[in-house]
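S.K.: Before we start, here is the structure in question, set down as structure tokens.
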Amino acid sequence: MYISTKEAARLLGVSTDAVRRMIRAGKLKAIKEGGVYKIPEEEIERMRSAYTPHAEAHTEDPSQLIRVLQERIRELERDKAFLQERIVQLEKWLEEERQKALPPPKKESWLARLFGKLRRKGRG
Numbered sequence: 022m023y024i025s026t027k028e029a030a031r032l033l034g035v036s037t038d039a040v041r042r043m044i045r046a047g048k049l050k051a052i053k054e055g056g057v058y059k060i061p062e063e064e065i066e067r068m069r070s071a072y073t074p075h076a077e078a079h080t081e082d083p084s085q086l087i088r089v090l091q092e093r094i095r096e097l098e099r100d101k102a103f104l105q106e107r108i109v110q111l112e113k114w115l116e117e118e119r120q121k122a123l124p125p126p127k128k129e130s131w132l133a134r135l136f137g138k139l140r141r142k143g144r145g
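Using my numbering, the first residue of the sequence shown is number 22, and each one after it goes up by one.
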């Protein structure tokens, strides 16, 4: 049976972006159907047994707990950097779309510009 990236993220205690990065890095096997990743349940079990921060956190060795927490911090920092980059990309895309949606500026003909200049000169 296959599960979604969202469900995999919940089961692994990570973000959906972290799951996608694991897939792209080859750390987590998945298939892509219709642009959506589907992960075999066995892969989730394999990942959970290979890396279970909550289980490791209950060890008696404080240095082990520190290593687990440091790894989690690094993972969260990677997620944060990815999301900040994504925000920049989306803001740029949004601005481009706004520009496309705005009507083009009105262009005056050369004759209208000439008469506009002549009218302004005549008043001043």
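Note that beta-carbon positions come from the ideal geometry of N, C-alpha and C, so glycine has one too.
What did DSSP end up calling GLU129 once you bin it into helix, strand or coil?
M.R.: Taking the first residue of the sequence shown as position 1, residue 129 is located at position 108. Three-state result, GLU129: coil.
S.K.: Return helix, strand or coil for LYS48, following the three-state DSSP convention.
M.R.: What you label residue 48 is simply residue 27 of the sequence shown in a count that begins at 1. Looking at LYS48 - three-state DSSP - the assignment turns out to be coil, as it is neither helix nor strand.
S.K.: Could you spell out the range, first to last residue, of the beta strand (DSSP E) harbouring LEU61?
M.R.: Residue mapping note: residue 61 aligns to position 40 of the sequence shown, counting from 1. Contrary to the premise, residue 61 reads as Pro rather than Leu in this sequence. From DSSP, the beta strand (DSSP E) with PRO61 extends over 57 to 61.
S.K.: How about the region 83 to 100 and the region 52 to 69: do they share at least three Cβ pairs that are nearer than 8 Å?
M.R.: These segments do not touch.
S.K.: Can you tell me the Cα-Cα spacing of ARG42 and LYS127, whole angstroms?
M.R.: Here residue 42 refers to the residue found at position 21 when the sequence shown is read from its first residue. Here residue 127 refers to the residue found at position 106 when the sequence shown is read from its first residue. Cα to Cα, ARG42 sits roughly 47 Å from LYS127.
S.K.: Note the first and the last residue of the continuous alpha helix (DSSP H) segment covering PRO124.
M.R.: Along the sequence shown, one-based indexing puts residue 124 at 103. Neither: PRO124 is in no alpha helix (DSSP H) and is coded neither H nor E.
S.K.: Could you tell me whether the Cβ atoms of ALA29 and ILE65 are closer together than 8 Å?
M.R.: Position 8 of the sequence shown, counting from 1, holds the residue named residue 29. Position 44 of the sequence shown, counting from 1, holds the residue named residue 65. Taking 8 Å as the Cβ cut-off, ALA29 and ILE65 qualify as a contacting pair.
S.K.: Name the residue from ILE87, SER84, ALA51, SER36 whose alpha carbon lies nearest to the alpha carbon of PHE103.
M.R.: In the sequence shown, residue 103 corresponds to position 82, counting from 1. The residue with the shortest Cα to Cα distance from PHE103 is SER36.
S.K.: Who are the near neighbours of LEU135 in its chain, counting only those whose CB is closer than 8 Å to its CB and skipping five residues on each side?
M.R.: Against the sequence shown, residue 135 aligns to sequence position 114. So the list is empty, once near-sequence residues are dropped.
S.K.: Under 8 Å between the Cβ atoms of ARG69 and LEU115?
M.R.: The residue you call residue 69 lines up with position 48 of the sequence shown. The residue you call residue 115 lines up with position 94 of the sequence shown. Cβ atoms of ARG69 and LEU115: not closer than 8 Å.
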